[in-house]
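Chains as they are written, first to last, in the numbering used here: chain Y, 1 to 453; chain X, 1001 to 1453. Ideal Cβ placement from N, Cα and C applies to all residues, glycine included. Treat the numbers as computed from the prediction; the structure is a model and nothing was measured. What follows is a single structure, written as structure tokens, with notes after it.
2 protein chains.
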Amino acid sequence: MAVPSTGKRPRVVVVGAGFGGIHAAMDLAKLPVDVTVVDKKNHHTFQPLLYQVALAVLSPGDIAQPIRSMLRNDANTEVIMDEVVAFDTVAHRVDLKSGAELMYDFLIVATGSTHSYFGKDEWAKWAPGLKTLEDATEIRRRVLLTFELAERQKLETGTHPPLNFVIVGGGPTGVELAGAISDIAKLYMTRDFRHIDPGSAQVLILEGSPHILGMYPPDLQLKAVEQLTALGVTTRTDAHVSDIQPGYVLVGEERIESVCTLWAAGVQASPLGKMLGVETDRRGSVLVDDHLHPHGHPDIFVIGDLAHFEQDGKQVPGVAQPAMQMGDYAAKRIGLLLEGKGDKQKPFRYFDKGDMATIGRKAAVARIAWPFHAHWSGFMAWLTWLVVHIFFLIGFRNRWGVFRQWAYTYLRFQDGVRLIVGSQDLPGWGQLAKPDTPERDLPRTPLKKEDAP
Amino acid sequence: MAVPSTGKRPRVVVVGAGFGGIHAAMDLAKLPVDVTVVDKKNHHTFQPLLYQVALAVLSPGDIAQPIRSMLRNDANTEVIMDEVVAFDTVAHRVDLKSGAELMYDFLIVATGSTHSYFGKDEWAKWAPGLKTLEDATEIRRRVLLTFELAERQKLETGTHPPLNFVIVGGGPTGVELAGAISDIAKLYMTRDFRHIDPGSAQVLILEGSPHILGMYPPDLQLKAVEQLTALGVTTRTDAHVSDIQPGYVLVGEERIESVCTLWAAGVQASPLGKMLGVETDRRGSVLVDDHLHPHGHPDIFVIGDLAHFEQDGKQVPGVAQPAMQMGDYAAKRIGLLLEGKGDKQKPFRYFDKGDMATIGRKAAVARIAWPFHAHWSGFMAWLTWLVVHIFFLIGFRNRWGVFRQWAYTYLRFQDGVRLIVGSQDLPGWGQLAKPDTPERDLPRTPLKKEDAP
């Protein structure tokens, strides 16, 4: 089955198979080029639904798909699961961790972003973020384990620490995580436990700026706060986290108890931007020109969340839509450049269709920019979110499976996929403040047979 | 939601929520007792399909279900995710790792078995076994990664180690793993790789005894070898593994190259059998009397794979059917004992319906003992396997989802869920014998633009 490179066609190396990279690769399949896609994972992840894996509504397999399978029918495309360790933009070479060296005629770098703990990387242990399937599984493990450990401790000591979940960061990920945690605690889990009341869980969003959902218009920000409040989620803005420790978060000097802290605050660009040796912004994103090239490199494209692209005086946001459009643009441009028609192409322009974030199981906020302008919130926005996300799961094996799973979970208040896989220890649980007032609700002496009915 | 124990009803502690424990618990829900189910996992695993998770046909969520959800409607039942560290059979007490102490009137121990490396625990690192979802995910990771690393190495050096998969142990698990690996390599993966030929994968079963599938009748053993051979799987019997190292397995003095070794050989009883302080066999299983009690403990039951129960001079096998029947028997017996009618109950007798093992995607061997006697092999046996396994997934959220997934995968040769999650390192890959004859099939010098069409 080996398909050796013809050596006759220009080679395009695509680094990263997120929304930008996979769209570029799919389009490049139709061009007279050889394509090499490099990713350190073997799968493309549908990131907008990652929080549903984290909160046990969906399985990892529902929202991720092997990159190889997605590009299987593209005979001019090969996929390498490897990590880039260096670029040589003079020699047109990409060096991989395994030792392989890939020569390129065109290079598309689309490695996105990663968490930033603002230099406090030690917080990662106590407050995991959500970028990968592994992250989602870890968050799921921690959230579910919190309830299990509370039940166990209640049994042993008659009490348990308050079920406070603190989410640092009030962007879309923080809001979606908060709504989902509140939902599963209050709606889905109450019948599962005998000693604790999962519905007593408190969810708190700490946002450093004056507003949650900063990229949304003020009326939707307000609606989001209202809808979160209705779910029992507390939001605090202008709250600057000064420390995260097992069992608590410090906001300034104030200590907030937390059995489970999640990180949805900072992102920083993938280190591959800086590795290119081109101009980057403070976040590490690569400044690109109108054609998505870093300055002075017409054979390189930087797309998606790794690109710093300004339009109408504002930076295009690091979400799926612009990444896909940039991927399409870069592929198209390579085709035109090969035909010598590069100067005929209009500059890239992000076509903004809007933004959406869900708030629990039946509300959302939606800024709709196409095909008409509207600000929606509540159930209507949630339905819109549902339709759009099913639509965009096109090409995913499990589009209808996901829909069925959603329907099942949402309509029947059913299980989802609440499996705890991996360690049964919750980092920091042992360091939690010990409850003061033990009271036992289970007999500690043997029951007598004669008490039996 | 806390449901305090009434303190008025006898308490039954069930340790382990596999087939035996969960059946006992479900039956006990109908009796005037309080039930505490203890398991170190939060989920019940449908073990007969674990190999399909390992080989990326099914997702973990398809074959596992939270114990809490399964017992949610049983108001007299509580579930504790914890580990047993000691039994006090005099004081009628179970001590948990968290520190909690459970008093019992009746105790059911059903913690099954685990891998045995025959004292060579250092082999576990190079040859993982298959008992839990974590094991399945790890085997999946290793099998898929083998192909990824071979593709990567072929790209870099022009060659790769032979894709030899060695499975130690020719019982049902070994046979099912072998058939499935051969299938995914030869049928599903061939279109996914450009440089290596996944179809060149060789699968070898090493069985220490004279026959694979030792518990099956000789004619079915023969059929199984035939069907495995047809799939390209080699079986070697009387093959005693003397060492397992990264990259190879020693059979006596003979070295067999292996990029990925899996363990399906020994099992040993869960250590909880010995912890009871009662008589155990060489494997650590507890010798039980006709009523499934360890000798001298009429308030304790040991059931499932942890019990050593002989019938007609033969030990009842450690599979799902006897475990479920023992669970039902123990629950029923507790009801009768509480009514003072224990002496009215007939001794336990295993009702043998037969055994089945799949061999790849369209063959199996089936020893049918009920409702008629027959030995089937081939496609008919496979269909029987399919129907029986769908039937026994009753109570599982995803019975029809699993069926749909199977249909999709089997009929359309489609993806399954081939996600590599976790580390991207394959233990021992770096220590594999280096290939001798590098030949490069990818250009290592930049392509010239003028070569472009």
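Put simply, of Y/Val203, Y/Gly170, Y/Gly422, Y/Gly430 the residue whose alpha carbon is nearest the alpha carbon of arginine 141 of chain Y is Y/Gly422. Only Glu1151, Arg1152, Gln1153, Lys1154, Leu1155, Glu1156, Thr1157 from the region 1150 to 1183 of chain X bring a Cβ to less than 9 Å from some Cβ of chain Y. At least one CB of chain X lies nearer than 7 Å to the CB of leucine 133 of chain Y. By the Cβ test, the region 254 to 264 of chain Y is not in contact with the region 287 to 298 of chain Y, since fewer than three Cβ pairs between them sit closer than 8 Å. Secondary structure remark: continuous beta strand (DSSP E) runs of at least 3 residues inside the region 1328 to 1390 of chain X, in chain order: 1354 to 1358, 1364 to 1368, 1374 to 1378. The beta carbon of tryptophan 382 of chain Y is closer than 7 Å to those of Thr358, Lys362, Ala363, Ala364 in its chain, skipping five residues each way along the sequence.
Taking 7 Å as the Cβ-Cβ cut-off, the region 320 to 352 of chain Y approaches chain X at Leu338, given in chain order.
Sixteen is the threshold: when 16 or more other Cβ atoms of the shown chains lie within 10 Å of the Cβ of threonine 1146 of chain X, as they do, the residue is buried. In this structure, the beta-carbon distance from valine 251 of chain Y to alanine 239 of chain Y falls below 7 Å. Partner residues in the beta bridge of glutamate 1078 of chain X, as assigned by DSSP, are X/Thr1036. Beta-bridge partners of glutamate 1101 of chain X (DSSP): X/Asp1095. Going by C-alpha positions, glycine 169 of chain Y is about 46 Å away from arginine 1093 of chain X. At least one beta carbon of chain Y lies nearer than 7 Å to the beta carbon of alanine 1100 of chain X. For glutamine 1424 of chain X, DSSP assigns no beta-bridge partner whatsoever. Look at the region 1187 to 1199 of chain X: the residues with a C-beta under 9 Å from a C-beta of chain Y are Met1189, Thr1190, Arg1191, Asp1192, Phe1193, Arg1194, His1195, Ile1196, Asp1197, Pro1198, Gly1199. Under the three-state reduction of DSSP, lysine 1223 of chain X is assigned to helix. Per DSSP, the unbroken beta strand (DSSP E) holding tyrosine 248 of chain Y starts and ends at 248 to 251. The Cβ atoms of proline 128 of chain Y and aspartate 121 of chain Y do not sit closer than 7 Å to each other.
By DSSP's assignment, threonine 1045 of chain X forms a beta bridge with X/Ala1064. Its chain contains His1295 as the residues whose beta carbon lies nearer than 7 Å to that of aspartate 1289 of chain X, once the 5 sequence neighbours on both sides are disregarded; these appear in chain order. Glycine 1061 of chain X has a beta carbon lying within less than 7 Å of a beta carbon in chain Y. When DSSP states are grouped into helix, strand and coil, histidine 240 of chain Y belongs to the coil group. Nearest Cα to tyrosine 51 of chain Y within the set Y/Val175, Y/Lys344, Y/Met215: Y/Val175. Within chain Y, the residues Lys41, Asn42, His43, Pro60, Gly61, Ala64, Gln65, Pro66, Leu133 have their CB atoms less than 9 Å from the CB of leucine 1419 of chain X, given in chain order. The Cβ of glutamate 138 of chain Y sits no closer than 7 Å to any Cβ of chain X. In this structure, the alpha-carbon of glycine 20 of chain Y lies about 10 Å from that of alanine 307 of chain Y.
No Cβ of chain X is located within less than 7 Å of the beta carbon of arginine 255 of chain Y.
Of the residues X/Asp1312, X/Met1326, X/Val1267, X/Phe1301, the one whose Cα lies closest to the Cα of threonine 1089 of chain X is X/Phe1301. When only Cα atoms are considered, leucine 1031 of chain X and histidine 115 of chain Y end up about 52 Å apart. Within the DSSP bridge table, the entry for valine 143 of chain Y names no partner. Residue pairing from DSSP places proline 294 of chain Y in a beta bridge opposite Y/Val288.
Taking a 10 Å sphere around the C-beta of glutamate 1078 of chain X, we find 16 or more other C-beta atoms and assign the residue as buried.
Here the region 265 to 281 of chain Y makes no contact with the region 231 to 238 of chain Y; the two share fewer than three CB pairs at distances below 8 Å. Separation of the CB atoms of leucine 206 of chain Y and serine 377 of chain Y is rounded to 22 Å, and the pair is thereby denied contact status at 8 Å. Following the DSSP letters along the chain, one finds glutamine 268 of chain Y in no alpha helix (DSSP H) but inside the beta strand (DSSP E) bounded by residues 266 to 269. For valine 84 of chain Y against valine 166 of chain Y, the beta-carbon gap comes to about 35 Å, at or over 8 Å, which does not count as contact.
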